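Engineer: Under my numbering, the first residue of the sequence shown is numbered 670, with each subsequent residue one higher.
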Amino acid sequence: SEVEDPMEKLRVFVNTHLGLVESNPDMAELIQVELRQSNKFMKHYENRKFHEYLDILADIVAQGQREGAIRSGISPSVAKRVIFGALDEMSTYWVFSKGRRGPLREICSQVFEILARGLMAGGQRDAAEEMAIG
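1. Along the alpha helix (DSSP H) that carries P675, what are the first and last residues, could you check?
2. Roughly how many angstroms separate the alpha carbons of D724 and E736, rounded to a whole number?
3. By the 10 Å Cβ neighbour count, where 16 or more other Cβ atoms means buried, how is V689 classified, buried or exposed?
4. If you compare alpha carbons, which of D728, Q734, Q732 is closest to R750?
5. Please report the distance separating the alpha-carbon of D773 from that of V702.
6. Out of K678, E691, A738, I739, which one is the CA nearest neighbour of T761?
7. Output needed for S663: all residues of its chain with C-beta closer than 8 angstroms, excluding positions within five of it in sequence on either side, in chain order.
8. Suppose you measure from the CA of A738 to the CA of F765; what does that come to, to the nearest Å?
9. Got a sec? Which residues, its chain only, sit under 6 angstroms from R740 by beta carbon, not counting five neighbours each side?
10. May I have the straight-line CA-CA distance separating A755 from A785, to the nearest angstrom?
11. Is the separation between the beta-carbon of C777 and that of L687 shorter than 7 angstroms?
12. Is the CB-CB distance between V780 and V683 below 7 angstroms?
13. Give me, in chain order, the residues of the same chain whose beta-carbon lies closer than 6 angstroms to that of D757; leave out the 5 immediate sequence neighbours on both sides.
14. Taking the beta carbon of E782 as the centre, do at least 16 other beta carbons fall within 10 Å, making it buried, or is it exposed?
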């Protein structure tokens, strides 16, 4: 069944993104480290799929705004980059902390709660903690 609630969509997105990093650590390291060190690659590589990926986040934010779950003053365009930036940083941290890293999935609920509390309209914030735990 397809998820309808925008905050649940965000939770699924966070869990899926970090879950893919954890289940494919070698690929994650290639993307997080090797490709970014290539100036030529970073300058000339225009990835439409990456922009579509970010737009999923913008769509989630816009839906949440329409439904009153997400504050209206937040730009979906800014939010998508902030959310991706948080996921990207946690992925990079996990890739570099090989010897002391635990399961990346264990931090998914914390990442979701931080993001959700920042996005949610006033009365919705307490629900973020319940969703993160559940």
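Cβ atoms here follow ideal geometry from the backbone N, Cα and C, with glycine treated the same way. This one's a predicted model, so the numbers in the text were calculated from it and none came from an experiment.
Structural biologist: On the basis of the supplied data:
1. First-last of the alpha helix (DSSP H) with P675: 675–692.
2. So the alpha carbons of these two residues sit roughly 18 angstroms apart.
3. According to the sequence shown, residue 689 is Leu rather than Val. Exposed, because fewer than 16 other Cβ atoms sit within 10 Å of the Cβ of L689.
4. Considering only alpha carbons, the answer is D728.
5. According to the sequence as given, residue 773 is Leu; it is not Asp. Spanning the two alpha carbons is a distance of roughly 18 angstroms.
6. Closest in alpha carbon position to T761, among K678, E691, A738, I739, is E691.
7. In this structure the chain extends from 670 to 803, so residue 663 is not present and cannot be described.
8. Rounded to whole angstroms, A738 to F765 spans 35 angstroms at the Cα level.
9. The residues are A790.
10. So the alpha carbons of these two residues sit roughly 12 angstroms apart.
11. Taking 7 angstroms as the cut-off, the beta carbon of C777 is found closer than this to the beta carbon of L687.
12. Yes, the Cβ-Cβ distance between V780 and V683 is below 7 angstroms.
13. The answer is none, since no qualifying residue turns up.
14. That one is buried.
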